[in-house]
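The structure under discussion appears below in the form of C-alpha cells.
There are 2 protein chains.
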Amino acid sequence: MTKEQILENIRLKQSFLCVGLDPDMAKMPPSLRGDLFAFNREIIDATAPHAIAFKPNLAFYEVQGARGYAAFEQTVAYIRDHYPDIFIIADAKRGDIGNTSRMYASSVFDTLGVDAITVAPYMGEDSVSPFLGYDGKWVILLALTSNMGSRDFQLVADAEGTPLWERVLTTSQQWADSSRMMYVVGATKAEMLSRVRELVPYHFLLVPGVGAQGGSLDEVARHGITRECGLIVNSSRGIIHASSGEDFARKAAQKASELQAQMAQLLAYYEIL
Amino acid sequence: MTKEQILENIRLKQSFLCVGLDPDMAKMPPSLRGDLFAFNREIIDATAPHAIAFKPNLAFYEVQGARGYAAFEQTVAYIRDHYPDIFIIADAKRGDIGNTSRMYASSVFDTLGVDAITVAPYMGEDSVSPFLGYDGKWVILLALTSNMGSRDFQLVADAEGTPLWERVLTTSQQWADSSRMMYVVGATKAEMLSRVRELVPYHFLLVPGVGAQGGSLDEVARHGITRECGLIVNSSRGIIHASSGEDFARKAAQKASELQAQMAQLLAYYEIL
C-alpha cells in the first residue's frame, strides 16, 4: 500500500484510527471459548467502518502456540478478503542478523501477506534492511515507546546530547525514506512529538498508548499532525475489551466510532481535507 | 534449569556447544521436501551427544506460517522427551510493553516449554521483567551482537563515554542476577569479551558467530571463559548445513564433534573440571 493510498483512506473514512487486535482470552465472553479468530471477526466487522488500519500483535496469538498462529493467519486473510483497503500491521517488534531478518520478512510479507511490520532497532541497519526490500510494504521502526522502560536506554543522551531515540530517527532515515518507513512514537510522550516532527517532518507515525495507556488524542494531533495527516493512532484494549460480555462487538464499535468522530473533527480543524 | 545443572552438563559432556536449529529449506536435501521437523530430528539425534544446548530461531519456522510454528513445537517436544538434560533456547529476540511481554513469556515458557528466550533490550525494564518471573527459566538479553549493524547504536557512547551495550549490561543487572539472566555477546567481537567480563564476571554468555560468521573459539575462550565456564557457544549453519546432501546429519555430527573436541581441550586448559 502506498502513502497516497493510506492518505486517501484517511480522507475517505475521516479517520486515522488503528485497532489493535490483541485479544486477551481472560477478557473475552465465555461463549467464545478462547477462539481468537471468532472474536476478531466480530471486532473487525464492527470496527472496520471507523478504522483505516488493524494491528494484531503476535504475542497474543503465539500464546496459543500453532493454533494461535493459525488464528493470526485467518485474521489477516479475513481482513484482506473483506476489507482490502485496510492497512494491516503485524506488531512483532522483530529484528535479527541479516539472514534471519530475511526469514522474518518473508514470514510476514510473503507468507502472511501483511502491509507492515514493527521492527526493533537495537541491532542496526542490516537487521532492518531485509524488511525494506518489498515494494508497497512498510517497516515501522521503534523510536520512542510509551512504556516506563523507555527511560532505561531510549532517553539516554550521547556525547553530543542526542538521546538514543533521536539517533534512531536520524540514522534510519539513511536506510529508507517516508515511502516505506514509519516510526513508533508513544502517545504518552505527546509533547515530544514536536521534536519528532523536527526530525521526521514527512513520515507517518504509529502512535500507540491512546486510551488504556493514558495518551490524549488532542495532544497527539497538536504536536504530531502534518498536512498529509502523518498519524496512525492505535487503540487496543480500550476498543476490543471495552466490554467483556456478549455485547463486546457493539461496545467496540461504539468506542471506535467515538474515536473516529474525534479524529474527523481534528482533520477538519487542521484542514486535512 | 539451574546454573549448576548447566555447568554439570558442561562437565559431563566436556562441551559448551549450542547447536542453532535454523533450518534453511533451500539447503536441505530434496528428499525432506522442506519438512523442518524431520530435518531437525535427524540433526538433534546426530548432534545431541556433543552439545549441551539447542537454539531454534523462530524466524526459520514462522516462514512456513502455522505449519512452521507447529514444527517448532514438535522440535522442542522432541528434545524435551529424548534429551531432557539439554538446555533449549527460543531465539526470538522479543520485547514489548509489559502486558504484551507477559504474553510472549507465557508463549515460550508455558506453551512451548523452553528453558530460555533471547530478548531485545530497547524498550527497557518493564519489557524484560515479565520474562524473569519463571523459576528455572532464563532471559538471554542482547548486549553486543555479531553483525555489522551493531555499530549503529550499540557502540555509541553516552556523555560519560559508556557505549550503549555496556549500559545494557550494567542497567539490566539491577533486574536479575546471574541465576536467571545471560547475555548475547557476538564472537566476532572476541577482544571485547575482556571488557564484558569486567562488567559481568559471573554471568553465562551466549556467544553466536563462531563458524559461518567468522569468530574464533580460542579467542572467545581466552577472553570470556570463567571458572564456571560461563560460555555457551552457538554454531548454526556451520553444523546443520555442513552438507546439503543426504549425508547432512552425519556431516553435522562430525562438525559438532570437532567443536566439542576443541571445547574439551579448552576446558582442560583452563582447568574447568
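Chains W and S supply the protein sequences, listed in that same order.
Heads up: the first sequence is residues 1 to 273, going by the working numbering.
Heads up: the second sequence is residues 1 to 273, going by the working numbering.
The beta-carbon is built from N, C-alpha and C at its ideal position, and this holds for glycine as well.
| query | result |
| --- | --- |
| Going by C-alpha to C-alpha distance, which of S:E166, S:G149, S:R151, S:S107 sits closest to S:A143? | S:E166 |
| Taking Cβ-Cβ distances shorter than 9 Å, what residues in chain S pair up with W:Q154? | Y122, M123, G124 |
| Does W:K93 come within less than 8 Å of chain S when only Cβ atoms are used? | yes |
| Are the beta-carbon atoms of S:G215 and S:A187 separated by less than 8 Å? | yes |
| Going by C-alpha distance, which of S:Y83, S:Q74, S:S31 is nearest S:T47? | S:Y83 |
| Candidates S:E246, S:L217, S:T226: which alpha carbon is nearest S:V200's? | S:T226 |
| Within the stretch 86-120 of chain W, note down every full alpha helix (DSSP H) run reaching 4 residues or more, in order along the chain. | 98-105 |
| Excluding five sequence neighbours on each side, which residues of the same chain lie with their C-beta closer than 7 Å to the C-beta of W:N147? | none |
| State buried or exposed for W:E125, treating a residue as buried only when at least 16 other CB atoms are found within 10 Å of its CB. | buried |
| Under a Cβ-count criterion, where at least 16 other Cβ atoms within 10 Å of its own Cβ denotes burial, should S:E198 be classed as buried or exposed? | exposed |
| Quick one: complete beta strand (DSSP E) runs, 3+ long, within the stretch 136-165 of chain S? | 138-144 |
| Counting pairs of Cβ atoms below 8 Å between the stretch 13-28 of chain W and the stretch 39-57 of chain W, do you hit three or more? | yes |
| Counting only Cβ pairs nearer than 7 Å, list the residues of chain S close to W:A295. | Shown here, chain W extends from 1 to 273; a query on residue 295 of chain W therefore has no answer. |
| For W:I97 versus W:A249, is the C-beta distance shorter than 8 Å? | no |
| Once DSSP output is grouped into helix, strand and coil, what is the label at S:V200? | coil |
| Alpha carbon to alpha carbon, how far is W:E8 from W:G136? | 15 Å |
| What residues in the stretch 132-162 of chain W bring their beta carbon closer than 8 Å to a beta carbon of chain S? | L142, T145, S146, N147, M148, G149, S150, R151, D152, F153, Q154, V156, A157, D158, A159, G161 |
| Could you tell me whether the stretch 100-109 of chain S touches the stretch 56-68 of chain W, where touching means 3 or more Cβ pairs closer than 8 Å? | yes |
| If we define contact as Cβ-Cβ less than 8 Å, is W:L32 a contact residue for chain S? | no |
| What does DSSP give as the partner residue(s) for W:P56 in the beta ladder? | W:L21 |
| Quick one, are the C-beta atoms of S:A77 and W:Y69 less than 8 Å apart? | no |
| When burial is assigned at 16 or more other CB atoms within 10 Å of the CB, is W:Q154 buried or exposed? | buried |
| For chain W, is any of its Cβ atoms less than 8 Å away from the one on S:T47? | no |
| With a threshold of 8 Å between beta carbons, is S:N57 in contact with chain W? | yes |
| What do you get for W:E271, buried or exposed, if any count of 16 or more other CB atoms within 10 angstroms of its CB means buried? | exposed |
| Could you name the residues of the same chain whose beta carbon sits closer than 6 Å to that of W:A157, not counting the 5 residues immediately before and after it, in chain order? | P163 |
| Report yes if the C-beta distance between S:M263 and S:Q14 is below 8 Å; otherwise report no. | yes |
| What's the gap between the Cα of S:G245 and the Cα of S:P30? | 8 Å |
| Identify the continuous beta strand (DSSP E) that holds S:I272 and give its terminal residues. | Counting along the chain, S:I272 falls outside any beta strand (DSSP E), and DSSP gives it neither H nor E. |
| Could you tell me the distance, in whole angstroms, from the CA atom of S:T111 to the CA atom of W:L273? | 48 Å |
| With distance defined between alpha-carbon atoms, name the residue in W:P49, W:Q174, W:R180 nearest to W:I86. | W:P49 |
| With W:L132 as the anchor, note down where its alpha helix (DSSP H) starts and where it stops. | No alpha helix (DSSP H) holds W:L132; DSSP gives it neither H nor E. |
| With DSSP run on the structure shown, which of helix, strand or coil describes W:S127? | helix |
| Would S:A120 and W:A120 qualify as a contact pair, given that the criterion is a beta-carbon distance under 8 Å? | yes |
| Check the Cβ of W:V63 against every Cβ in chain S and list those closer than 7 Å, keeping chain order. | M103, S106, S107, T111 |
| Among the residues of its own chain, which have a CB less than 6 Å from the CB of W:Y134, if the five just before and after it don't count? | F109 |
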